[in-house]
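Reviewing the structure listed below.
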Amino acid sequence: MKTIVVIPGLNEEKHIADVISKVKPLVDVVIMVDDGSKDKTALIAAEAGAIVRKHPVNLGQGASLQTGSDLALSLGADIIVHFDADNQFAAEEIPEVIAPIIKGGADIVFGSRFLGKKSELPFTKKYLIFPLGRFVNRLFGVKTSDPQSGFRAYTREVAQSFRIDNNRMAHCTEILVKLSNSRWRIKEVPITVTYHEYGQKFSGGIRIIKDLIIQQINK
């Protein structure tokens, strides 16, 4: 099965070569979508062996994942993996994430930071994710342990079945909700996350909830 990894990134020249070097031996193709970076992210990614697509302006991670997924489909991907550019995910866990699909037991696999492996979450992120998870489960009727994980994999058929509409911070939950409310077989597997820089704050969580509610209203 042809496995293609999609890595969205913005101003990640510090990490992108290391990430690609770790991911590349484990998959068939690496696609890096540069989301309007002002640094050398795109150049470094290409030199590291990735196929690079560049947005001329910053559109958001959701838009970058859709760009990369569309390209992966055009290249004949059987499995598409979403992976972050900031070196927080463990590349060596990619085989564990795609294994349920390869074995025929799942169509979609979500990585979770809360299923046994050790991920040290910063205070703000820890106390953002738990209430956000409860909110998502209640509002949309889904069950998940980690609504904001960016490490996921799904089959070609799944990728063809939906589009990512939310370009910004709520895209992780949008993907989860859309795919949970479908016929696909879903599995969660434990992943490890190592935080180098602590990003999202409580204000980011409020924006995610706001975006999700607006999207629900506009359906």
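In the working numbering, the protein residues as written are 356 to 574. All C-beta atoms, glycine included, are put in the ideal place defined by N, C-alpha and C.
Out of 394, 438, 415, the CA that lies nearest to the CA of residue 384 is found in 438.
Counting only unbroken stretches of 4 or more residues, the alpha helix (DSSP H) elements lying wholly within the stretch 443-472 are 449-457, in sequence order. The beta-carbon separation of residue 389 and residue 409, rounded to 4 angstroms, stays under the 8 angstroms limit for a contact.
Membership of residue 362 in any alpha helix (DSSP H) is not indicated; the residue belongs instead to the beta strand (DSSP E) covering 358-364. A Cβ-Cβ contact shorter than 8 angstroms links residue 361 with residue 427. For residue 510, the uninterrupted beta strand (DSSP E) segment begins and ends at 507-510. Closest in C-alpha terms to residue 392, from the list 404, 466, 363, comes 363. The C-beta of residue 509 has 16 or more other C-beta atoms within 10 Å across all chains shown, which makes the residue buried. Taking C-alpha positions only, residue 521 is separated from residue 455 by approximately 27 angstroms. Following the DSSP letters along the chain, one finds residue 389 inside the beta strand (DSSP E) bounded by residues 384-390. Ranked by Cα distance from residue 370, the first of 440, 379, 422, 432 is 440. Within the same chain, and ignoring the five residues on either side of residue 377 in sequence, the residues whose Cβ sits closer than 7 angstroms to its Cβ are 446. Counting of Cβ neighbours within 10 angstroms places residue 538 among the exposed residues, the total staying below 16. Here DSSP, grouped into helix, strand and coil, assigns residue 411 to coil.
Judged by DSSP in its simplified three-state form, residue 545 adopts strand. Around the beta carbon of residue 423, a 10 Å sphere encloses 16 or more other beta carbons of the protein chains shown; the residue is thus reported as buried.
The alpha-carbon of residue 501 is positioned some 17 angstroms away from that of residue 449.
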